[in-house]
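Enquirer:
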Amino acid sequence: MGKTIVIDNGGCSIKVGLVGQEKPARVVPNCIVKSGADKKGYIGDQVDSIKDISSLTVRRPIEKGYIINWDAQREVWNHVFKNVLKVDTEGCDLVITEPLFTLPSIQGALDEVLFGEYRFRRVRYASAPELVLSYQASRDLSSPQTGILKEAVRAMCGVVLDAGFSFTHAVPIFDGATLDASVRRINLGGKALTNLMKELVSFRAWNMMDEYFIIEDVKEKTCYCAQDIRVELKEAHKPPAVNMIRREYVLPDGVKHLRGYVKDAEETRSTAGKRKRPAAPAGGASDTISLEDQVLPLTNERFMVPEALFQPADIGVNQAGIAEAIVQAVSSANPELHELLYGNVLVCGGCACFPGFLERLYNDLRSLVPDEYELNVRVVEDPVCAAWHGGVLAASKSEMDRCAATRKNYLHEGSRAQTAGVPSALAPDRGR
Numbered sequence: 001m002g003k004t005i006v007i008d009n010g011g012c013s014i015k016v017g018l019v020g021q022e023k024p025a026r027v028v029p030n031c032i033v034k035s036g037a038d039k040k041g042y043i044g045d046q047v048d049s050i051k052d053i054s055s056l057t058v059r060r061p062i063e064k065g066y067i068i069n070w071d072a073q074r075e076v077w078n079h080v081f082k083n084v085l086k087v088d089t090e091g092c093d094l095v096i097t098e099p100l101f102t103l104p105s106i107q108g109a110l111d112e113v114l115f116g117e118y119r120f121r122r123v124r125y126a127s128a129p130e131l132v133l134s135y136q137a138s139r140d141l142s143s144p145q146t147g148i149l150k151e152a153v154r155a156m157c158g159v160v161l162d163a164g165f166s167f168t169h170a171v172p173i174f175d176g177a178t179l180d181a182s183v184r185r186i187n188l189g190g191k192a193l194t195n196l197m198k199e200l201v202s203f204r205a206w207n208m209m210d211e212y213f214i215i216e217d218v219k220e221k222t223c224y225c226a227q228d229i230r231v232e233l234k235e236a237h238k239p240p241a242v243n244m245i246r247r248e249y250v251l252p253d254g255v256k257h258l259r260g261y262v263k264d265a266e267e268t269r270s271t272a273g274k275r276k277r278p279a280a281p282a283g284g285a286s287d288t289i290s291l292e293d294q295v296l297p298l299t300n301e302r303f304m305v306p307e308a309l310f311q312p313a314d315i316g317v318n319q320a321g322i323a324e325a326i327v328q329a330v331s332s333a334n335p336e337l338h339e340l341l342y343g344n345v346l347v348c349g350g351c352a353c354f355p356g357f358l359e360r361l362y363n364d365l366r367s368l369v370p371d372e373y374e375l376n377v378r379v380v381e382d383p384v385c386a387a388w389h390g391g392v393l394a395a396s397k398s399e400m401d402r403c404a405a406t407r408k409n410y411l412h413e414g415s416r417a418q419t420a421g422v423p424s425a426l427a428p429d430r431g432r
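Start counting the sequence shown at 1; every next residue gets the next number (full-length UniProt numbering).
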């Protein structure tokens, strides 16, 4: 019998491994990158070997949470199966995440690729929030719990806030199943926050609009969630020498520094005001810049970028913030479930890794949730890979026998797109 593969197929990265492993074999970037320096193409984790990460051209298979570039997705999966896992997929079983509310045309294309091209024996499709709740419940049941949290865990009930790369979902779950009508989506995630950071630093300092990977690193290393935005703004306006928020990110130059890094806070304050950016000559920008001057100063960008998740209107997105989205999701569910849902709010995704995220979310929620409800808000263990761990649980024999689609049925009945009577996203005449 073949092996069982578990894939959390995210917009930013793929978490992939074989059942029996304690952690994913690899967290692989879900993209194809072309380097401007050597003109070579890099797939997935090959990106880590690029020496000069400036001016990279990035091609991603997933847009707004859904696969739209199937050729690119095949290339990444081929690399993962051949070079990362080193497995032949024919006859294997697969557990793979599928976004909520995926269109039948995309579902059909996924069936065709997995069953028709990779020839998997069985495939279990699952939503990441359900897998996250399942994984955390398995951890909670092995440790003592009290009060409403204990009841929520037993009922496999809670709200999962999935703050990932492409979007943020507030997903109420009861008895392990998503309450579809109550799900709320915010069209903001890690990608949008990185783009916001690019705009802010390009306006105030260096032009970084073509430097996605560098700014992604800046965001991950320097951003945090403010508990009181007014206090932070006041501090950010202080002179550099006494500014506790100001940080300096040393940009990679491809020679001395292959990757950027954040200078020590004390060093940043001690050198504040001593470095000046060279003025551009009258004829235009200078062709050469001193290596010493390639520093990106950061003040209120550090907390204003994550603030967009809590106040999307600040950047022109006419949607509720994450705390309001959770309340809206719970309020639209059966009132008898409200106590259980508020008693077990779980946060996952890369955005949950911002320092101060959990505290800020709890404080914002507590002011919105009725006082009679106990509120428990937790970041799941391993927020980036939690869905993968849940996928391992879903790969048990009983779960696969009960829930998995089979290649035999696919060959007999066709894809989910055919069942729904719509063309597959892979159809050659689609879009004409």
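In this text, a Cβ means the ideal position worked out from N, Cα and C, and glycines have one as well.
Inspect the beta-carbon positions of Thr222 and Cys92 and report whether they are closer than 8 Å.
Expert: Contact: no.
Enquirer: Leaving out five residues on either side along the sequence, give the residues of the same chain with a beta carbon under 6 Å from the beta carbon of Asp52.
Expert: Hits under 6 Å: Ala37 and Gly254.
Enquirer: How many whole angstroms separate the CB atoms of Val132 and Val380, which I take to be in contact at a CB cut-off of 8 Å?
Expert: Val132 to Val380, Cβ: 6 Å. Contact.
Enquirer: DSSP on Glu130, reduced to helix/strand/coil?
Expert: If DSSP states are grouped into helix, strand and coil, Glu130 belongs with the helices.
Enquirer: What is the residue span of the beta strand (DSSP E) that Val345 lies within?
Expert: That run of the beta strand (DSSP E) goes Val345 to Cys348.
Enquirer: Cα separation between Thr406 and Ile68?
Expert: Near 24 Å, if we compare the C-alpha coordinates of Ile68 and Thr406.
Enquirer: Below 8 Å between beta carbons: does that hold for Glu339 and Tyr362?
Expert: Contact: no.
Enquirer: Enumerate in chain order the residues of its own chain whose CB-to-CB distance from Tyr135 is below 6 Å, with the five nearest sequence positions on each side excluded.
Expert: Here the set comprises Ala386, His389 and Gly390.
Enquirer: Helix or strand or just coil, what does DSSP make of Asn63?
Expert: According to the sequence shown, residue 63 is Glu rather than Asn. Correct three-state label for Glu63: strand.
Enquirer: Keeping to the same chain, check which residues put their C-beta closer than 8 Å to that of Leu411; ignore five residues upstream and five downstream.
Expert: Phe115, listed in sequence order.
Enquirer: Assuming Gly108 and Ser415 form a contact by the criterion Cβ under 8 Å, report the distance between their Cβ atoms to the nearest whole angstrom.
Expert: Gly108 to Ser415, Cβ: 4 Å. Contact.
Enquirer: What does a CB cutoff of less than 6 Å around Lys64 pick up in its chain, not counting 5 residues either side in sequence?
Expert: Cβ neighbours of Lys64 beyond the five flanking positions: Ser166.
Enquirer: Along the chain, where does the alpha helix (DSSP H) that runs through Asp217 open and close?
Expert: Tyr212 to Thr222 is the extent of the alpha helix (DSSP H) around Asp217.
Enquirer: Looking at the strands, I want to know which residues DSSP matches up with Thr89.
Expert: Answer is none; Thr89 lacks a bridge partner.
Enquirer: Can you tell me the Cα-Cα spacing of Thr288 and Gln294, whole angstroms?
Expert: With a pLDDT of 41 at Thr288, under the threshold of 50, the predicted position of this residue should be treated as unreliable, though the coordinate-derived value follows. In a straight line, the C-alpha of Thr288 is about 11 Å away from that of Gln294.
Enquirer: Can you tell me whether Gly158 is helix, strand or coil according to DSSP?
Expert: It is a strand residue.
Enquirer: Whole angstroms are fine: how far does the CA of Arg247 sit from the CA of Glu232?
Expert: Each residue's Cα considered, the two are about 14 Å apart.
Enquirer: For Asp8, does the three-state DSSP call read helix, strand or coil?
Expert: Asp8: strand per DSSP, three-state reduction.
Enquirer: In three-state terms, what does DSSP make of Ile68?
Expert: Note: Ile68 maps to coil in three-state DSSP.
Enquirer: Can you check which of these residues, Glu75, Val250 and Glu301, is closest to Lys219 by C-alpha distance?
Expert: When each option's Cα is compared against that of Lys219, the closest is Glu301.
Enquirer: May I have the straight-line CA-CA distance separating Asp71 from Arg185, to the nearest angstrom?
Expert: Cα-Cα distance, rounded: 28 Å.
Enquirer: Suppose the cutoff is 7 Å on Cβ atoms and the five residues either side in sequence are ignored; what does the same chain contact list for Glu75 look like?
Expert: Excluding residues within five positions, the ones whose Cβ falls inside 7 Å are Ile32 and Ile43.
Enquirer: Which of the three DSSP states, helix, strand or coil, is assigned to Ile229?
Expert: It is helical.
Enquirer: Have a look at Ala155 and Thr168 and give me their C-alpha separation to the nearest angstrom.
Expert: When rounded, the distance between both Cα atoms is 24 Å.
Enquirer: So what does DSSP say about Thr419, is it helix, strand or coil?
Expert: DSSP places Thr419 in helix when its eight states are reduced to three.
Enquirer: When burial is assigned at 16 or more other CB atoms within 10 Å of the CB, is Lys191 buried or exposed?
Expert: Label assigned to Lys191: buried.
Enquirer: Determine the burial state of Pro281: buried for a count of at least 16 other Cβ atoms within 10 Å of its Cβ, exposed for fewer.
Expert: For Pro281, the predicted structure reports a pLDDT of 42, less than 50, and the residue's modelled location is therefore unreliable. The matter cannot be settled from this model.
Enquirer: Can you grab the Cα-Cα spacing for the pair Gln418 / Ile14, in whole Å?
Expert: Taking the straight line joining both Cα atoms gives about 28 Å.
Enquirer: When you compare the CB positions of Asp210 and Ser35, do they come within less than 8 Å of one another, or not?
Expert: Not in contact: Asp210 and Ser35 (Cβ atoms no closer than 8 Å).
Enquirer: At what residues does the alpha helix (DSSP H) containing Glu374 begin and finish?
Expert: Unbroken run through Glu374: none, as it is neither H nor E.
Enquirer: Could you check what DSSP says for Ile53 in three-state terms: helix, strand or coil?
Expert: Coil.
Enquirer: Taking the runs of the beta strand (DSSP E) that are 3 residues or longer, which of them lie wholly in the segment 316 to 348?
Expert: Taking only runs of at least 3 residues, the beta strand (DSSP E) segments lying wholly in the segment 316 to 348 are 345 to 348.
Enquirer: So does the segment 137 to 153 actually touch the segment 335 to 349, counting three or more Cβ pairs closer than 8 Å?
Expert: These segments touch.
Enquirer: Among Ala177, Leu103 and Arg378, which has the Cα closest to the Cα of Ser424?
Expert: That would be Leu103, whose Cα lies nearest to the Cα of Ser424.
Enquirer: Taking the Cβ atom as the reference point for each residue, do Leu100 and Val183 lie within a distance shorter than 8 Å?
Expert: In contact: Leu100 and Val183 (Cβ atoms closer than 8 Å).
Enquirer: Which residue marks the beginning of the alpha helix (DSSP H) containing Pro34, and which one marks its end?
Expert: In the sequence as displayed, the identity of residue 34 is Lys instead of Pro. Careful: Lys34 lies outside any alpha helix (DSSP H), inside the beta strand (DSSP E) at Ile32 to Lys34.
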